[in-house]
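S.K.:
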Amino acid sequence: MRITRKGQVIIPQAVRQQLGLHPHCEVEFRLVGEQLVLEKVDSQRSERAIEAIAHLQAHPPRAGLSTDEILALCRGDA
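The sequence shown begins at 273 in the working numbering and counts up one residue at a time.
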C-alpha cells in the first residue's frame, strides 16, 4: 500500500466492510509506538467532542493550559 502525494491511502473494501466504515464516517488516527492505528469513532464520542469544543468556545480556558490539557478537554479525557 502506498501513500499518495496528498497523503491519502485506500482502505481495502474487505476491511471497510468488516469494520462498518462508510463514506463520511468519523475516524481517528493514533500513534502506538511505531504504528499508526486507525479507529472508527463512535457517534457518542464524536458528539462529546463537538460539545467540548462548543463549551471551550463559550468559556475559553484560563491561560496556562498546555496544548495536551486543551486536547484532553476536547476529547473528554479531563
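All C-beta atoms in this analysis are idealised placements derived from N, C-alpha and C, irrespective of residue type, glycine included.
For Val299, does the three-state DSSP call read helix, strand or coil?
M.R.: Val299: strand per DSSP, three-state reduction.
S.K.: Just curious, the beta strand (DSSP E) that Leu310 is in, first and last residue?
M.R.: Per DSSP, Leu310 belongs to the beta strand (DSSP E) from 307-312.
S.K.: Considering just the uninterrupted stretch of the alpha helix (DSSP H) at Gln289, what are its terminal residues?
M.R.: Where Gln289 is concerned, the enclosing alpha helix (DSSP H) stretches over 285-291.
S.K.: Give me the DSSP bridge partner(s) of Val304.
M.R.: For Val304, which the question treats as bridged, DSSP gives the partners Gln307.
S.K.: Between Gln285 and Gly336, what straight-line distance do the alpha-carbon atoms span, to the nearest angstrom?
M.R.: Roughly 45 angstroms separates the two Cα atoms.
S.K.: Quick check on the DSSP output: the alpha helix (DSSP H) that includes Asp349 runs from which residue to which?
M.R.: Note, Asp349: premise wrong, no alpha helix (DSSP H); not H, not E.
S.K.: Could you tell me whether the Cβ atoms of Lys312 and Cys297 are closer together than 9 angstroms?
M.R.: Against a cut-off of 9 angstroms, the Cβ pair of Cys297 and Lys312 comes out as a contact.
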